[in-house]
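Q: Chains as they are written, first to last, in this note's numbering: chain A, 14 to 359; chain B, 14 to 359; chain C, 14 to 359; chain D, 14 to 359.
Sharing a structure below in structure tokens format, with a few things to ask.
There are 4 protein chains.
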Amino acid sequence: MIKAGIIGATGYAGGELVRILACRRDVEIVWYGSRSYIDQRYADIYRNMFRIVDAKCLDDNIEELAGQADVIFTATPQGFCASVMNEEILSKTKVIDLSADFRIKDVGTYEKWYGIKHGSPQFIEEAVYGLCEVNREKIKNARLTANPGCYTTCSILTAYPLAKEGIIDMRSLIIDAKSGASGAGRGAKTPNLFCEINENMKAYGVAAHRHTPEIEEQLGYASGEETVINFTPHLVPMNRGILVTEYAALKKKVTSEEIKGIYDKYYKEETFIRVMEEGVYPETKWVEGSNYVDIGFKIDTRTNRIIMMGAIDNLVKGAAGQAVQNMNLMFGLAEDEGLKLIPVFP
Amino acid sequence: MIKAGIIGATGYAGGELVRILACRRDVEIVWYGSRSYIDQRYADIYRNMFRIVDAKCLDDNIEELAGQADVIFTATPQGFCASVMNEEILSKTKVIDLSADFRIKDVGTYEKWYGIKHGSPQFIEEAVYGLCEVNREKIKNARLTANPGCYTTCSILTAYPLAKEGIIDMRSLIIDAKSGASGAGRGAKTPNLFCEINENMKAYGVAAHRHTPEIEEQLGYASGEETVINFTPHLVPMNRGILVTEYAALKKKVTSEEIKGIYDKYYKEETFIRVMEEGVYPETKWVEGSNYVDIGFKIDTRTNRIIMMGAIDNLVKGAAGQAVQNMNLMFGLAEDEGLKLIPVFP
Amino acid sequence: MIKAGIIGATGYAGGELVRILACRRDVEIVWYGSRSYIDQRYADIYRNMFRIVDAKCLDDNIEELAGQADVIFTATPQGFCASVMNEEILSKTKVIDLSADFRIKDVGTYEKWYGIKHGSPQFIEEAVYGLCEVNREKIKNARLTANPGCYTTCSILTAYPLAKEGIIDMRSLIIDAKSGASGAGRGAKTPNLFCEINENMKAYGVAAHRHTPEIEEQLGYASGEETVINFTPHLVPMNRGILVTEYAALKKKVTSEEIKGIYDKYYKEETFIRVMEEGVYPETKWVEGSNYVDIGFKIDTRTNRIIMMGAIDNLVKGAAGQAVQNMNLMFGLAEDEGLKLIPVFP
Amino acid sequence: MIKAGIIGATGYAGGELVRILACRRDVEIVWYGSRSYIDQRYADIYRNMFRIVDAKCLDDNIEELAGQADVIFTATPQGFCASVMNEEILSKTKVIDLSADFRIKDVGTYEKWYGIKHGSPQFIEEAVYGLCEVNREKIKNARLTANPGCYTTCSILTAYPLAKEGIIDMRSLIIDAKSGASGAGRGAKTPNLFCEINENMKAYGVAAHRHTPEIEEQLGYASGEETVINFTPHLVPMNRGILVTEYAALKKKVTSEEIKGIYDKYYKEETFIRVMEEGVYPETKWVEGSNYVDIGFKIDTRTNRIIMMGAIDNLVKGAAGQAVQNMNLMFGLAEDEGLKLIPVFP
């Protein structure tokens, strides 16, 4: 039995972790951390969990939790995990951080884009970037895993094989991303109100979104080239789902079959990546509630560009599902344990 | 291994059956019947099933299917199941009919409300009304189970204990029901278009909806009284979920504790019925994707009425989930096998 | 030129007032009161007003405003208007209060349902209940008009003719109401977040909603009978729109034609009330953005009840539109001046 | 009094034309053409028009209509207008075609992208492309105006000043467009059903959408350069609204102030174009129901690209509103007559 603790259990990503882990017979959640709801019953906050979870919310004392849990998930605001991390915690337990604190290797880049000082830079090198399909072997031995961001998971995996194989010009890459509202979190802010988001669409964080350097770093590793991209997120009136549309110049003439072949080379054996047949483009609804990444593409000979499209459920593959996938790897379990979630339609 | 066939596999209820059954290791779907999509790959119709279901759609030849399947689910328009049913089929296989054909015991009532002639009235008496929490023992021995309607499941279970115990006046009962759009099915009709339903709300079938006699019959059995109700369905812009608000005159003074006690008497041991604590009212989102029925109530001493509220996912407990619950009972399995679905939020 | 001031101009009802009044050539808004946004440009809060409104937000100093404005609209929380009202204000300007402060004639009832002490009960008698179609003549001479609530406007007008003519039993009346989310206001609260409301439905304020006594009082006047009702509001995932479904026992046998005749007797000449033809039931989308009330009905001979349905846009006829209709009456203008708004579809 | 006829009056664009024209005192709609609903009352199809429009639907006999109307709007499928156009019609009446038939000057390009033969190529040269802000003077004298597409209107106007001034590299332009569902029309097709679009997002027509050559042609005229672009439309779960996000390489170093200056040079005096202040990005909700185009931009010095964003209501500025703007120009009226529509929020 794996004992798991969650800090930030009442955010949307935390709630999704609970949903996924509550199905497991080999995992017990021993700590529902939520500073805002201490001593309140978890099922009073998320009533979908009525009669499923009996526990009350606890504080975010990670030191104490480290003594009780085999793995800690931190689904907390940027800066929290770095500010509390220390060797003692890591010597007692594994940590999967769903925040951005340990995703970026260059601490200067982190501090510039996030506007905060990193609280424990000494652990950045050790931390493994938890994009399972790319870093699988490293994750297996990690004590501290940096769970990738939602936009980044989708953006990177959609372009990864073509970047890796040198097919696309890494300075031409433009990522136009669209997300449902759960990505904005559960904070009670006016822009997140139903009437402000419903029947509305907008870009935000233009040329300034914090997921940009994370994507650039990872695709830079893949391609071996300096990667500077445009990344533009948009807010769309739906609960779940991220769709990315990526544009890149082709370095040479390729056919659809060759592109499909490259995707298959990397993803054919992947449980959670489904490369669509030609002419089929991913829709967020086809992955909703599941850990899948659906990928499609189209070559445009008129412009010599390729358009790549990827879709995920931002709370599953973009957060809690991938965190559990990382946990499975870190504990030597089947990678899809507890993640055989079939997409819900409609 | 139970071999299951589905006729009407590409409707929304049929699709949900596939989603639920595809998780099972003890069930194999041997027939994806869909007259509209014969020979097309099922996963081309429902791309959420890409790489999960490989089969192609077949026709609706129930005779042939009966020879191959241990159980047949008919998720078909009214009249189909009755028109094809015969002793030979029932001698070879069990049938769970998700249409209304065998729900109503009085064939005249059926023919009046549905406006069609019943094709095999000789099986009506044998058919068991598959409301598991009420007819559990009968279902276990059924060959032919009539899976209840979505509105009716929610309407009946919400009032059942109070009807049974003679607490409410059965001629005062008014059921105001609200449903998401998946209840209207997947037919390509103008009123079902996104732009017609989105940002809109309406009543329909006022004093004429076909689920009315089904509710009256079952609550009549429960109460032992003639039950004549008002039932008004409304269409609400969301995919899934039914909420019923039921009003009834109290026959005598009762306290909230007494009412809670009555609900608990009937439902405390029920896996799929969650009676809310006082002051908590069900929300459809708290049951979405699951087989739960959530029930709450409020006594209004000013009017001497009780307001009962119930919520279900219309495609799960209101259709496919309950059908599988019936299958489990009919095959002597644990009633919640394959149905431990945790509600998805948000 | 009528000089108008709005206190509470950045709430949804206040914003709608601005939208409607900004079209007028005979009205000038001289005061955009918004305590939360003082000194900020109004168009920075509501960017739909960019290049339409240039003014900045001011505080809520109604005394000063009274010296500048011919009419003041208070779109403020309960208690505010009563707490600041005085004879001097009313001697200088007309007031249309969109809050509940002056709607209920019995101050005890007000204080019980709203849980606050009334700040200026001496003006309650003078205040005119601003339901234009019912109190038109009184409104013309009012200094202080209590603009009706959104649910109440729709609930009362839907039943009014039948109550007035003694057709329905006023103790049997049950009103099941459904509203879009803008009725909950623009406060940044977790339950109003997009992800909490979207794809969800719930009842709230069951047997306790504050619009109940307002409806009872007005329908009591109409019927001359003590009126005690059940009123249950529901929240539905859409921005605008209220639909009420009302159930009442018929006191005598009547035909559809007779009922239609009664509605026509009261509403035929009304600009803003559209009584539907038989068999047609109102939909909120058909009135969206307009000042219309659409009404339909169905007699159910099985239960001897009539089901009445009414639809409005809660921000127009349920708030700002009706407030402007009241202003028109109070200033001797054409009642529909600036209100010839055609419903927007889709 | 201008007598107007509409062919295709029951589509969403046709319905919006009726909504806008019904407010006019100087325009009378003399013909509600709708092949699907001949002899049915228009208000029975669009009940928002109950008691506003009394007429019945007529067929699409444009010859007869030409004798009765001063202007004909064709809101019809591609090919219809070209197939019926002749000199006699144009000698009797003005025509504003909302379809694509006369938008593209090169008939070969039209026939290739639309896959149909053009029925009256002899009128292509005469036809004026009705993008008012660009072709105002030509439109004033037009007999036949080709009303621009919804995506194209937004896409072109967003980039036009920078293309015209040679600021951006016209071969680097990538347009990622997102639209609400009303753009898909009112046809009863499965992919347009509520449950298929709601809570879903997808790209479609990738590298193949018919609006591509229209954008290329117009921006080619503006820039004087060959313009070959990527245009990717996406479907988003909302009724109305188009948002385009456009990426282009800057030809030289420019400041935000310079870019703003260029936009102002072209659009400062335009009634319907609102260029946002720096750091403000358009949202579709801020233009909903109005004829506005809202435009914002951001220079990204890291990639030396500019990101331009534009928002319109696809049924107003993207269809019916612009058609009326064209009519106003063609009849020598104030360009904003009947179009002072304030955006509706929320």
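Using N, Cα and C, we set each Cβ at its ideal position, and we do this for glycine too.
Would you please state the rounded distance, in angstroms, between the beta carbons of A/R253 and A/G309? I believe it to be under 8 Å.
A: No, A/R253 and A/G309 are not in contact; Cβ-Cβ is about 19 Å, not under 8 Å.
Q: List the DSSP bridge partners of C/E259.
A: Paired residue(s): C/I188, C/M321.
Q: Tell me, please, which residues DSSP counts as bridged to A/I75.
A: Paired residue(s): none; A/I75 is not in a bridge.
Q: For the alpha helix (DSSP H) that B/I58 lies in, which residues bound it at each end?
A: Run containing B/I58: 55-58, per the alpha helix (DSSP H) assignment.
Q: So the candidates are B/T297, B/T158, B/D57, B/T245; which of them puts its Cα closest to the Cα of B/L328?
A: Comparing Cα-Cα distances from B/L328 to each of B/T297, B/T158, B/D57, B/T245, the minimum goes to B/T297.
Q: Are the beta-carbon atoms belonging to C/R287 and C/Y305 less than 8 Å from one another?
A: Contact flag set, yes.
Q: When you compare only the Cα positions, how much space is there between D/D349 and C/R64?
A: C-alpha separation (whole angstroms): 15 Å.
Q: Kindly give me the distance between the Cβ atoms of B/I102 and A/A35, rounded to whole angstroms, as I take these residues to be in contact under 8 Å.
A: With 8 Å as the limit, B/I102 and A/A35 do not qualify as a contact, their Cβ atoms being about 40 Å apart.
Q: Relative to the C-alpha of B/A235, which residue among B/Y55, B/T284, B/Q91, B/I180 is closest?
A: The shortest Cα separation from B/A235 among B/Y55, B/T284, B/Q91, B/I180 belongs to B/I180.
Q: Can you tell me where the alpha helix (DSSP H) with C/S275 in it begins and where it stops?
A: Sequence check: residue 275 of chain C is Ile here, not Ser. Here the alpha helix (DSSP H) through C/I275 covers 269-280.
Q: Establish whether the CB of A/Y50 and some CB of chain D are separated by less than 8 Å.
A: For A/Y50, the answer is no, since every Cβ of chain D falls outside 8 Å of its Cβ.
Q: To which residues of the same chain is D/E229 closer than 8 Å at the C-beta, ignoring the five residues directly before and after it?
A: These residues qualify, in order along the chain: T240, V241, I242.
Q: In whole angstroms, what is the alpha-carbon distance linking C/N99 and C/F244?
A: Rounded to the nearest angstrom, the two C-alpha atoms are 33 Å apart.
Q: Would you call the segment 83-92 of chain C and the segment 17-34 of chain C touching, i.e. three or more CB-CB distances under 8 Å?
A: Contact between the segment 83-92 of chain C and the segment 17-34 of chain C is present, because at least three Cβ pairs lie under 8 Å.
Q: To the nearest angstrom, report how far apart A/A68 and A/L248 are at their CA atoms.
A: The straight-line gap from Cα to Cα measures roughly 34 Å.
Q: Can you look up C/N252 in the DSSP assignment and give me helix, strand or coil?
A: DSSP places C/N252 in coil when its eight states are reduced to three.
Q: By DSSP, does A/F63 sit in helix, in strand, or in coil?
A: Residue state, collapsed to three classes: coil.
Q: If I follow the unbroken alpha helix (DSSP H) through A/L342, where does it start and stop?
A: Residues 334-343.
Q: When the distance is taken between beta carbons, is B/N339 closer than 8 Å to B/N160?
A: Yes, these two residues count as a Cβ contact at 8 Å.
Q: Decide yes or no for the touch test of the segment 146-166 of chain B against the segment 205-221 of chain B: beta carbon pairs closer than 8 Å, at least 3 of them.
A: No, the segment 146-166 of chain B is not in contact with the segment 205-221 of chain B.
Q: I need the straight-line Cα distance from C/T122 to B/N317, nearest angstrom please.
A: Rounded to whole angstroms, C/T122 to B/N317 spans 20 Å at the Cα level.
Q: Give a yes or no on whether the minimum CB-CB distance between D/S269 and chain C is below 8 Å.
A: It does not; no Cβ of chain C falls within 8 Å.
Q: For B/G254, return the contacting residues in chain C, with the cut-off set at a CB-CB distance below 7 Å.
A: Within chain C, the residues near B/G254 are M214.
Q: Are the C-beta of D/K311 and some C-beta of chain A separated by less than 8 Å?
A: Judged by the 8 Å Cβ criterion, D/K311 is in contact with chain A.
Q: How would you label C/A113, buried or exposed, when you count the other beta carbons within 10 angstroms and need 16 or more for buried?
A: Burial call: buried.
Q: If distances are taken between C-alpha atoms only, which option among D/R32, D/G345, D/F115 comes closest to D/K153?
A: Measuring from the Cα of D/K153, the nearest candidate turns out to be D/G345.
Q: In terms of residues, what are the limits of the beta strand (DSSP E) holding D/L157?
A: Taken as a continuous stretch (DSSP letters only), the beta strand (DSSP E) holding D/L157 covers 157-159.
Q: Opposite D/R287 in the DSSP bridges: which residues?
A: D/R287 pairs with D/D307.
Q: Quick check: is the beta carbon of B/I325 nearer than 8 Å to any beta carbon in chain E?
A: Absent from the structure: chain E. Protein chains present are A, B, C and D.
Q: Per DSSP, which residues does A/E296 bridge with? Please list them.
A: For A/E296, which the question treats as bridged, DSSP gives the partners D/K215.
Q: From D/E227 to D/T165, what does the alpha carbon distance come to, in whole angstroms?
A: Rounded to the nearest angstrom, the two C-alpha atoms are 7 Å apart.
Q: Give a yes or no on whether 8 Å exceeds the smallest Cβ distance from D/A194 to chain B.
A: Closer than 8 Å to some Cβ of chain B, the Cβ of D/A194 qualifies, so yes.
Q: Mind pulling the chain D residues with CB within less than 7 Å of C/N205?
A: The contacting residues do not exist; C/N205 stays about 12 Å from chain D at best.
Q: Here's the rule: buried if 16 or more other CB atoms are within 10 angstroms of the residue's CB, otherwise exposed. What is A/I15?
A: So A/I15 counts as buried.
Q: Drop a sphere of 10 angstroms on the beta-carbon of D/I5, count the other beta-carbons inside from all chains shown, and report buried for 16 or more, exposed for fewer.
A: This structure gives no information on residue 5 of chain D, because the portion of chain D shown stretches from 14 to 359.
Q: When DSSP labels each residue in this structure, what does D/I85 get in the three-state scheme?
A: Of the three classes helix, strand and coil, the one that applies to D/I85 here is strand, per DSSP.
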